[in-house]
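Take a look at the structure set out below.
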Amino acid sequence: MNEESKQAWNEGQQRANASYGAKRKRITIDPITRLEGHGKIDIFMDEKGDVEKAYFQVPELRGFEIFSLGRPAEDMPQITSRICGVCPTAHHMASTKALDMLYSVEPTSAAKKLRELIYSTFMLEDHALHVYILGGPDFIVGPDAPAALRNVLGVVDKVGEEVGLKVISMRRRLREFIAYLGGKVIHPVFGLPGGVAKGINPADLDGFKQLADDGVAFAEFTLQVFNDIVLKNEEYVKLITSDAFTHKTHYMGLVDENNHVNFYDGKVRVVDTDGKEIAKFSEVEYLDNIAEHVEPWSYVKFTYLKKVGWNGFTEGNDSGVCCVAPLARLNAADGLATPKAQAALEQYFGMLGKPVHHTLANHWARAIEMLYAAERIQQLINDPEITSQDIRTIPTATPKRGIGIVEAPRGTLFHHYETDEKGILNMVNLIVATQNNAARMAMSVENAAKGLIHGGNVDEGMLNKVEMAFRAYDPCHACATHALPGQMPLVARVWNKDGEVIHTLRRDSQVVGKV
Amino acid sequence: MSSRPKRLLLGLGNDILTDDAVGLVAVRALRERFGDTVDMVEAGESGLSILDHIEGYDQVLILDAMQCGQVEVGTVMEVCMDDMGMPSAPSPHFTGMPEMWELGKRLKLKLPEELRILAMEVAKPFVFGESLSEETAPAMPAFIEAAANILQEWEERCHA
Chain A
935 MNEESKQAWN
945 EGQQRANASY
955 GAKRKRITID
965 PITRLEGHGK
975 IDIFMDEKGD
985 VEKAYFQVPE
995 LRGFEIFSLG
1005 RPAEDMPQIT
1015 SRICGVCPTA
1025 HHMASTKALD
1035 MLYSVEPTSA
1045 AKKLRELIYS
1055 TFMLEDHALH
1065 VYILGGPDFI
1075 VGPDAPAALR
1085 NVLGVVDKVG
1095 EEVGLKVISM
1105 RRRLREFIAY
1115 LGGKVIHPVF
1125 GLPGGVAKGI
1135 NPADLDGFKQ
1145 LADDGVAFAE
1155 FTLQVFNDIV
1165 LKNEEYVKLI
1175 TSDAFTHKTH
1185 YMGLVDENNH
1195 VNFYDGKVRV
1205 VDTDGKEIAK
1215 FSEVEYLDNI
1225 AEHVEPWSYV
1235 KFTYLKKVGW
1245 NGFTEGNDSG
1255 VCCVAPLARL
1265 NAADGLATPK
1275 AQAALEQYFG
1285 MLGKPVHHTL
1295 ANHWARAIEM
1305 LYAAERIQQL
1315 INDPEITSQD
1325 IRTIPTATPK
1335 RGIGIVEAPR
1345 GTLFHHYETD
1355 EKGILNMVNL
1365 IVATQNNAAR
1375 MAMSVENAAK
1385 GLIHGGNVDE
1395 GMLNKVEMAF
1405 RAYDPCHACA
1415 THALPGQMPL
1425 VARVWNKDGE
1435 VIHTLRRDSQ
1445 VVGKV
Chain B
105 MSSRPKRLLL
115 GLGNDILTDD
125 AVGLVAVRAL
135 RERFGDTVDM
145 VEAGESGLSI
155 LDHIEGYDQV
165 LILDAMQCGQ
175 VEVGTVMEVC
185 MDDMGMPSAP
195 SPHFTGMPEM
205 WELGKRLKLK
215 LPEELRILAM
225 EVAKPFVFGE
235 SLSEETAPAM
245 PAFIEAAANI
255 LQEWEERCHA
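Each protein sequence line maps, in turn, to chains A and B.
Numbering (the working numbering) for the first sequence: 935 to 1449.
Numbering (the working numbering) for the second sequence: 105 to 264.
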């Protein structure tokens, strides 16, 4: 950790510690495993050994705005896709849409379809990664399973090697399709103001149609796995619906003109804790609706509903806390635009009611969204216009302000740029998905800790359940935040300048400490 | 020459996060010298994506940035795959890699017979910027040389 970030981190820690007195026992779960990036949970106990307060802390990446200012706006789809190795396509697409507005240009119909096609492919791939590898171990293997089994190998034990191979092969094919249109997945060169850089060659269409069909079968299979392993297990269902994992908050997500979920485009709809629409806004209205709150113990700026106001980390219609990502998207919409996914959605709400307030239901919602994404790919790839080469409207207007919003896998993502008349950036504001979920995530961690830890009794299984509370959100700290330096487990040899091994370091993979 | 093992030099990092790019910078520096015998890839991903990159190779050398906070900036470490334990990660790009490695073995994918990982302790991997920090930059030659030694050793071994 460099001095500057170390100092900031220490100050945050001291303030957090100071506010909670000296007589507390402190448990550190460190690091958080299986996340793309790392965070840290501090649980403060009182004398009785009950949880008084829990913090979910993460350091952040710094200097993006300064880095961007003075650059040409048209570089942003490439630059922002490099912020994060996890969801480059989401940043790329939000940025491309911001450029459409910046240059007052409407993409052609075929370009919009190609963008949504690529975007749906990305969503399917990314959700699959979470279901099977990051979040899957909690449910597919089991929340009480020993830590050594709660990983992707445990998942393979449970579902079989052929399923593991299927996941790897499907994900690879989806990424190859993204690369076909956009070049490198991590550095896509696809979206341009007014359209896209490349279309689909009709000669290649059959292969992609096959991929779409296989994608639907894969998503259906995933839902079946979820049904068989999770929903048929009474203990799991009890856990999902337990108070420790339930919060009544607002929900937000993009919807189309029929109020159906749309990942790529539409208006942002917000519903309250009863599922009633309280706001529906377009890009230019986002600042009237979303504001940011700062806490001394966290680097994350917590977004909240501006018109409701910030009333702390609290639930209910009077609290501005608003949730994003799969659970929220399904709550904020009236349905899904594809038949199989809609049927799965009806089963979901039929069992849990609507809106669903159970954090762990995110896993189920994510699997349903996989099916929607796959069916949407199928619809778009079979659209006669998808091989059209009319893929770009050339922009001619003078740039000024551009705002782009998409649904990233982890929730609503906002890009806002302002430029001079030559298109040179003089203002950049990003609100990333994990940030939108940060308040509810902090509440979930504390809620779970309070609900599960009593009388100083803490075991590994309980701590895992506390981690499950935020893992369900699939938080990606690669762009909202970054890895926590110095806390990552490692066995390493230390070399001197002459290439000799002079020391070996070992860090345990998980540390539970009491202070 | 047809018997030469398939080799990959894989640089991990983010080239707009200051020192996070050391693995990428090293790959660029070695491209000319070893490009004829070693495939060179620069990547910014993690986990499964890295498995995609290394599958099918016989020998892979990964170069990455790290911050363990326990050694001086510029220190080059060799990370031991076998000793790392399951869910560990010297850098965010490496997140999940040990797990993916075990997964690859379990699913009988064609994994490298030899996988070595060099990581350099860096000063500023969390600040946006396109060039290395003053603290980290002077250590680059040693990092590049450590990587070159391994590639050279592989080449000599196949001629022996």
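Each residue gets a CB set at the ideal place from its N, CA and C atoms; glycine is no exception.
Everything numeric in this text was worked out from a predicted model, so none of it was measured.
Contact note: LEU1099/A reaches chain B through LEU211, using a C-beta cutoff of 7 Å and chain order. Less than 8 Å separates the beta-carbon of ASP1408/A from that of ARG1344/A. Boundaries around LEU114/B are those of the beta strand (DSSP E), 111-116, since no alpha helix (DSSP H) includes it.
Judged by pairs of C-beta atoms under 8 Å, the segment 1192-1199 of chain A touches the segment 1266-1278 of chain A, as three or more such pairs exist.
The beta carbon of LEU207/B sits closer than 8 Å to some beta carbon of chain A.
ALA147/B is bridged by DSSP to LEU116/B.
At a cut-off of 8 Å, the C-beta of GLU1095/A has a neighbouring C-beta in chain B.
Short of 6 Å from the beta carbon of ALA1146/A, and not among the five residues preceding or following it, lie these beta carbons of its own chain, in chain order: ILE1311, GLN1312, ILE1315. In this structure, the straight-line span from the alpha carbon of THR1055/A to that of PHE1111/A is close to 8 Å. A distance below 7 Å between beta-carbons, with the five flanking residues on each side excluded, links ALA227/B to the following residues of its chain, in chain order: ASP123, VAL177, SER237, GLU239, THR240.
In this structure LEU1033/A touches GLU1008/A by the C-beta definition: roughly 6 Å separates them, less than 8 Å. Along the length of the segment 1212-1243 of chain A, whole alpha helix (DSSP H) runs at least 4 residues long occupy 1220-1223, reported in chain order.
Under DSSP, GLN163/B takes part in a beta bridge, and its partners are ARG111/B, GLU218/B.
Looking from the CA of ALA1367/A, the closest CA among MET1304/A, LEU1165/A, HIS1388/A, PHE1348/A belongs to PHE1348/A.
The beta carbon of TYR1306/A lies closer than 6 Å to those of LEU1270, THR1272, ALA1275 in the same chain, with the five residues before and after it left out.
Residues of the segment 154-167 of chain B with a Cβ closer than 7 Å to any Cβ of chain A, in chain order: ASP156. Taking every protein chain shown into account, the CB of GLY1070/A has 16 or more other CB atoms within 10 angstroms, so this residue is buried. Sequence-distant partners of VAL175/B (beyond 5 residues in either direction) whose C-beta falls short of 6 Å from its own C-beta, in its chain, are GLU225. Residue environment analysis places THR1183/A among the buried positions, since at least 16 neighbouring C-beta atoms fall within 10 angstroms of its C-beta. Taking CB atoms only, ARG1106/A has a neighbour in chain B less than 8 Å away. Taking each of VAL1400/A, ASP1190/A, ASP1324/A, ASN1370/A in turn and checking the Cα distance to ALA1131/A, the smallest one comes out for ASP1324/A. DSSP, reduced to helix, strand and coil, places GLU238/B outside both helices and strands of the structure shown, so it counts as coil. Contact between the segment 1248-1259 of chain A and the segment 1170-1179 of chain A is absent: fewer than 3 CB-CB pairs across the two stretches fall below 8 Å. In the three-state scheme derived from DSSP, where H, G and I count as helix and E and B as strand, ILE1325/A is classed as coil. Counting only residues of its own chain and dropping the five nearest sequence neighbours on each side, ALA1331/A has a CB closer than 6 Å to the CB of TYR1037, SER1038. Look at ARG1016/A: its C-beta is under 8 Å from a C-beta on chain B.
For VAL1086/A, the C-beta contacts it makes with chain B under 7 Å involve GLU203, LEU207, in order along the chain.
For PHE1348/A, the enclosing beta strand (DSSP E) covers residues 1345-1353. In chain order, ARG1016 make up the part of chain A whose C-beta sits under 9 Å from the C-beta of ASP119/B.
Taking a 10 Å sphere around the C-beta of SER1103/A, we find fewer than 16 other C-beta atoms and assign the residue as exposed. Here ALA1382/A is buried. Its C-beta has 16 or more other C-beta atoms within 10 Å. Assignment of ASN1381/A by DSSP, reduced to helix, strand and coil, places it in the helix class. In the structure shown, TYR1198/A adopts coil according to DSSP, grouped into three states. When DSSP states are grouped into helix, strand and coil, ASP1408/A belongs to the coil group. Counting C-beta atoms within 10 angstroms of its own C-beta, GLN163/B has 16 or more neighbours from the protein chains shown and is therefore classed as buried.
The three-state secondary structure of PHE998/A, taken from DSSP, is helix.
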